[in-house]
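Encoded as structure tokens, the structure appears first; notes follow it.
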Amino acid sequence: VDMSGVVASRDAHKREFQEREGFSLTYLPYVVAAAVAALREHPHVNATFNGDEILVHRGLNVGISVGLEDTLVVPVIKGADGLSLAGLARAVNDLATRARTKKLNADDLAGGTFTVNNSGTFGTLFSYSVINPGQAGILTMEAIQDRPVAINGMLAIRPMMYLCFSFDHRVLDGLQAARFLVTAREWLASVNADTPIY
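Take 5 as the starting number for the sequence shown in this note's numbering and just add one per residue.
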């Protein structure tokens, strides 16, 4: 994914955001927003499988993987589809902070219908994340790195990121998964410095 627009958006808003919110604007909320946009367009991905039946959920409750010292937890942003980029950033920051200070409660970890993982914080370029039990899929963002790309026959350097989607083939087929991933990629590519975050 060409992240030029996302980088421009973050650069345009990060100072005001920091002053207003008291914490840094990261790239993860943008990827969560891309997942939400793709889940809206492809609601069958927002599903769980209990062994007997596939349940497609109306509410978009997006889990975010948070790495702790020796384990991983996945607190859930309830009603993620009702939040702006800034709202998603607040939710990510709140859940990650409470996870790291061991202040999550059982409700914070329940009800997830989809998960977003940020392996890129560790510098990974391409990885396959394990799906949370029961969920149809997990979207993983990797490290953003400047890479040479061809644009209109010319060589350019762009901030590029791999976006990886692991999915349960009992719930989704490859075509459905590809369409979901393309929608998420297109949403990220559509962001620019003028994209509102509030």
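Every residue gets a Cβ at the ideal spot worked out from N, C-alpha and C, and that includes glycine. A quick note: this is a predicted structure, and the numbers were derived from the prediction, not measured.
In the DSSP annotation of this structure, A147 is not part of any beta strand (DSSP E), being labelled neither H nor E. Going by DSSP, T101 is part of the alpha helix (DSSP H) stretching over L89 to R104.
Beta-bridge partners assigned by DSSP to A51: V60. Distances from the alpha-carbon of T144 to those of G138, G124, A160 and N156 put G124 closest.
Residue pairing by DSSP places I201 in no beta bridge whatsoever. When rounded, the separation of the alpha-carbon atoms in A147 and M164 is 8 Å.
Ranked by how close their Cα comes to the Cα of Y202, the residues N156, M7 and F21 have F21 in first place. If you draw a straight line from the Cα of V96 to the Cα of D85, it is about 14 Å long.
A distance below 7 Å separates the beta carbons of Q139 and T52. For F27, the three-state secondary structure derived from DSSP is coil.
In the DSSP annotation of this structure, the continuous segment of the beta strand (DSSP E) that includes L167 starts and ends at L167 to F171.
The continuous alpha helix (DSSP H) containing V36 extends over residues L32 to E45. Note on geometry: alpha-carbon atoms of D74 and M158 lie some 45 Å from one another.
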